[in-house]
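Count along the sequence shown from 1, add 64, and you get the number used in my numbering.
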Amino acid sequence: MNNISTLSTQPVIPFLQELGVEIVDFGGGEGQIALTLEARHLNGWHVAHGGVVMTMLDNVMSLAGRSLEPGIRGGVTIEMKTSFMQPGGVEGDRMLAKGKVLHASASIYFCEGELWNADKLVAKASGTFKFIRRTDVAKKLQQA
Numbered sequence: 065m066n067n068i069s070t071l072s073t074q075p076v077i078p079f080l081q082e083l084g085v086e087i088v089d090f091g092g093g094e095g096q097i098a099l100t101l102e103a104r105h106l107n108g109w110h111v112a113h114g115g116v117v118m119t120m121l122d123n124v125m126s127l128a129g130r131s132l133e134p135g136i137r138g139g140v141t142i143e144m145k146t147s148f149m150q151p152g153g154v155e156g157d158r159m160l161a162k163g164k165v166l167h168a169s170a171s172i173y174f175c176e177g178e179l180w181n182a183d184k185l186v187a188k189a190s191g192t193f194k195f196i197r198r199t200d201v202a203k204k205l206q207q208a
């Protein structure tokens, strides 16, 4: 991997910035992101909220897909299946998500991801993504 030099070509996603998600590494159809859990990331049982877990898996799979082609500016999740293995972690734990592309066509990518808390597998996901090479989708939606 080690394609961090192309980090500036990745789209800025305000929601992920708000969560504090960090890109660790990406390239060659793989990606890794991390998040140190804070109180705001937890559910009522004081463990990682399922929405945070799924967001990390969704993002790392998309990142893996985008790493295959510099012209890809973003992706749309077509479908995603997530299996939760155990609670995600508590405040202060550092979660690491790993994603990879299993198969890619011209614009559809099939990916899988795992979310880890140290040596514990928290959740596993598979997803299908459609990638776009332009970023004016929001403008197009506003005109409709």
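Heads up, the beta-carbon is just placed ideally off N, CA and C, and yes, glycines get one too.
| message | Helix, strand or coil for R158? Go by DSSP, reduced to three states. | response | strand
| said: For a quick check, are the C-beta atoms of A103 and L160 less than 8 Å apart? | reply: The answer is no: Cβ separation not under 8 Å.
| If you count every other CB in all the chains shown that lies within 10 Å of the CB of L179, and 16 or more means buried, which is it? | Burial call: buried.
| field | T70 - DSSP class collapsed to helix/strand/coil | value | For T70, the predicted structure reports a pLDDT of 47, less than 50, and the residue's modelled location is therefore unreliable. A value from the coordinates is still provided. Of the three classes helix, strand and coil, the one that applies to T70 here is helix, per DSSP.
| field | R197 (DSSP reduced to helix, strand or coil) | value | coil
| said: So, under 8 Å CB-CB, F193 and S126 are touching, yes? Tell me the CB distance rounded to an integer number of Å. | reply: With 8 Å as the limit, F193 and S126 qualify as a contact, their Cβ atoms being about 6 Å apart.
| Contacts around N67, its chain only, beta-carbon distance under 8 Å, and the 5 residues preceding and following it disregarded | Because N67 sits at a pLDDT of 47, beneath the cut-off of 50, its placement in the model cannot be relied upon, and the point is left open.
| said: Looking at G114: is its Cβ nearer than 8 Å to the Cβ of F148? | reply: yes
| How many whole angstroms separate the CB atoms of E176 and G163, which I take to be in contact at a CB cut-off of 8 Å? | 7 Å
| task | Report buried or exposed for G153, applying the criterion of at least 16 other Cβ atoms within 10 angstroms of its Cβ. | result | Around the beta carbon of G153, a 10 Å sphere encloses 16 or more other beta carbons of the protein chains shown; the residue is thus reported as buried.
| request: Give a yes or no on whether the C-beta atoms belonging to G138 and I196 are separated by under 8 Å. | output: yes
| said: Comparing C-alpha positions only, which one of A168, L121, V76, Q150 sits nearest to D183? | reply: Q150
| request: Assign L121 to one of two classes, buried (16 or more other C-beta atoms within 10 Å of its C-beta) or exposed (fewer than that). | output: buried
| said: On the CB-based measure, 16 or more other CB atoms within 10 Å of its CB, does G191 come out buried or exposed? | reply: buried
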